[in-house]
Each structure stands twice: as structure tokens, then as C-alpha cells.
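In the working numbering, the protein residues as written are 183 to 534.
Data first, discussion second: the structure below is written as C-alpha cells.
Below you can see the structure in the form of C-alpha cells.
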């Protein structure tokens, strides 16, 4: 069965992207489970970087040829007849995984050496010295040329100390939120439908690592998105919405974790959630946040005693940042309620 064909608008003014509705084909396709990299894992590799080059590939999925004999499966219909594509298109269920595997393969040597990260068609080269950076950039460009891959010069940046990568503003040793995405926060009106709540939470969830106690702050809004929940914009929800907006408008900056410096974890709990912040000393001698986490309690966990919830907050933090802490050169300091820490060290009665 031929798939419908249409165009969708691109970010560039007047630009259109050809698209096919491959829903029926995708339902019968064996899924390629090749994993896409986590944004947090890619950003973690940049902690020692001082200079960056960002490259953006042209034509993304169209760089991958469809296997001979399989073109008929992706046939699409237009007012001018049926067409069999010879390359992969946006909309095919395996396009992202196939393209990521392709990019990882051709750039594997640079990725393994630890100075290049790739997410789909976004390539970031980073170094701590400018002379070395020029050489690395040349290696990557030569590799792309050998594989007949072309760039969008208008979206590339060379030898910069500040760059936008995967929604994060990267500077030496620090991460912040994309100013473009924050521009409309101040004027974001209170949602009038569940769809609007989900849209706001979609933005907020992406940047939740910048906000302390995020789960607890967003709880009234999350409850509104549950199935069979009647939409009522109460005062509590309006307060939660405006508090989150205010938090984002503060434009918090996170320090990149450095395993050569001591880590400090501050953990806390409430009736509904746990929260923690990972801190390290900055160049100014003050402690700065490296990231926040929060965890909503299950119905069972809500019945825990306060001291058990405090312990759960600590264990959640240790698990979340384990990959930093185990590589650290110094003991980890955990700050929590002192009375509860005393309780943890005493023998417990089995009937409690």
C-alpha cells in the first residue's frame, strides 16, 4: 500500500520538508533497537573542553540508501503518481536508529578518543587547546568528505567558546538553558486545556535538572494530566505554574562535575517526593550546583516513616550520581537531617 505524501514547514522561513505517512509500513516493520545516545551522557564528556566546533549535516536521513529490492516498501503517492524512494526519509520508524549507527560508525575513532560527540546530524568537536582543536577539526572534515557527507555552513560554528548543543548552552565548565527557549516563558499564559499543560511540562521536564525540588513543584500540574481527571485550573495549580516560570526565568547555571574536586550532596524529603542537589566548589571558592534530581514517591513510599524517606532521598541521590562519585578522587560529603542519620546507625526492632 502506497503511503500518503505531504510537506511540513521547517524552521527556516519558507522551507519545506517532504514527509510521508508511513504508519502502516511502520506497524509491520521489525524495529531497529540501536540506542540513541543520552543527552546527559554527551554533555558529561565536555567537562574539560575550552573550545568547540559544531557541525550540522545536510539532508540527514537522505544520506542513507535503501537496500536494493526494498524500495517498493517505501513507495508513496502524489498527485503525479507513485514514487519509490532510493534513500531513507523522515517518518520511517528505523530512520533515526539507522542514521545514528551510521554516524557512530564513520566517526567511531574520534568518538572513542573522547573529543567528538555525535547526536544524529549534530557533531560537536571539543578540545582544551586551540592548536590541537584545529587538527581535530580537520580530521573530522576529511572523514565527512571521504563519505560524501555535506554540511550546512549557516549552522556550523568553528573555534568558539560558547555553543548551543542539543538545547543546552555550553561554555567552558558550565551548562545553561537555551535563551531562545526561555524567551517566551515570561509571557506563557496559564493553560486552558490539558494539552497546554502537557506542552508546558514537556518544556519543564527537559530542563528539570536545573530546578531544585522540581517534582514537588510540578506535582499539581502533573496530576492534571492523569487519565479521567477533570480540567480545573485551581489557585494551587496557578501558583505551581507561576513558581516554575519564575524558577526558569532565574536562568540557573550548572557547573560541570569535576572528579578531581570533592562532591557534596544535599538531600531532603517531603511527604510527596525526595530531592537532592550535587555541588562542587567553583573557581570563586563558592559551592555551585552541578545538577538537581527529584523523585516522586509511589503510594507505598508515601507511607514510609520520615527517617526512611530521608534515607531514600540519600540512596536515590547516590544512585543517580554514582558514575560521578565512584570516579571521584575525594570522599563524598552527604548533608541531611542529623537526627535521622543517627537513627540509621542504630539497631532496628523487627516489629517496627
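Ideal placement from N, C-alpha and C gives every residue a C-beta, glycine not left out.
### Query
What's the call for residue 215, buried or exposed, on a 16-neighbour Cβ count within 10 Å?
The residue you call residue 215 lines up with position 33 of the chain shown. Exposed is the call here.
### Proximal residues to residue 483 (C-beta, below 8 Å), its chain only, five neighbours per side dropped
Walking along the chain shown from the start, residue 483 turns up at place 301. Same-chain partners within the cutoff: 491, 494.
### Task
Tell me where the beta strand (DSSP E) around residue 469 begins and ends.
The residue labelled residue 469 in the question sits at position 287 within the chain shown. For residue 469, the uninterrupted beta strand (DSSP E) segment begins and ends at 469-478.
### Query
Between the Cα of residue 470 and the Cα atoms of 455, 258, 446, which residue gives the shortest distance?
Within the chain shown, residue 470 is the residue found at index 288, counting from 1. Distances from the CA of residue 470 to each of 455, 258, 446 were compared; the closest alpha carbon is that of 446.
### Task
Below 8 Å CB to CB, which residues in the same chain sit around residue 184 once its five sequence neighbours on both sides are set aside?
Reading the chain shown from its first residue, position 2 is the one you call residue 184. Same-chain partners within the cutoff: 257, 258, 259, 264.
### Query
If we ignore side chains and look at the alpha-carbon of each, how far apart do residue 481 and residue 401 end up?
Taking the chain shown and counting its residues from 1, one reaches residue 481 at position 299. Taking the chain shown and counting its residues from 1, one reaches residue 401 at position 219. Going from the Cα of residue 481 to the Cα of residue 401 covers about 14 Å.
### Task
Note down the Cα distance separating residue 311 from residue 425, rounded to an integer number of angstroms.
Residue mapping note: residue 311 aligns to position 129 of the chain shown, counting from 1. Residue mapping note: residue 425 aligns to position 243 of the chain shown, counting from 1. About 42 Å.
### Task
Might you give, ordered along the chain, the residues of its own chain that have their beta carbon closer than 7 Å to the beta carbon of residue 514, omitting 5 neighbours on each side?
On the chain shown, residue 514 is found 332 positions in, with the first residue counted as 1. Short of 7 Å from the beta carbon of residue 514, and not among the five residues preceding or following it, lie these beta carbons of its own chain, in chain order: 445, 447, 507.
### Query
Cα separation between residue 534 and residue 486?
Translated into positions along the chain shown, residue 534 becomes position 352. Translated into positions along the chain shown, residue 486 becomes position 304. Unreliable positioning characterises residue 534 in this predicted model, as indicated by a pLDDT of 49, which lies under 50. A coordinate reading is not provided.
#### Entry: Extent of the continuous beta strand (DSSP E) run through residue 450
Locating residue 450 in the chain shown gives position 268, counting from the first residue. Per DSSP, residue 450 belongs to the beta strand (DSSP E) from 446-451.
### For residue 506, the first and last residue of its enclosing alpha helix (DSSP H)
Position 324 of the chain shown holds residue 506. In the DSSP assignment, residue 506 falls within the unbroken alpha helix (DSSP H) covering 504-507.
### Task
Give a yes or no on contact between the region 428-440 and the region 392-412, applying the rule of three or more CB pairs nearer than 8 Å.
Contact between the region 428-440 and the region 392-412 is present, because at least three Cβ pairs lie under 8 Å.
### Query
DSSP beta-bridge partners for residue 359?
Position 177 of the chain shown holds residue 359. Paired residues: 350.
#### Entry: Beta-ladder partner(s) of residue 186, from DSSP
What you label residue 186 is simply residue 4 of the chain shown in a count that begins at 1. The partner list for residue 186 (beta bridge, DSSP) reads 259.
### Query
Is DSSP giving residue 195 helix, strand or coil here?
Here the question's residue 195 lines up with position 13 in the chain shown. It is coil, neither helix nor strand.
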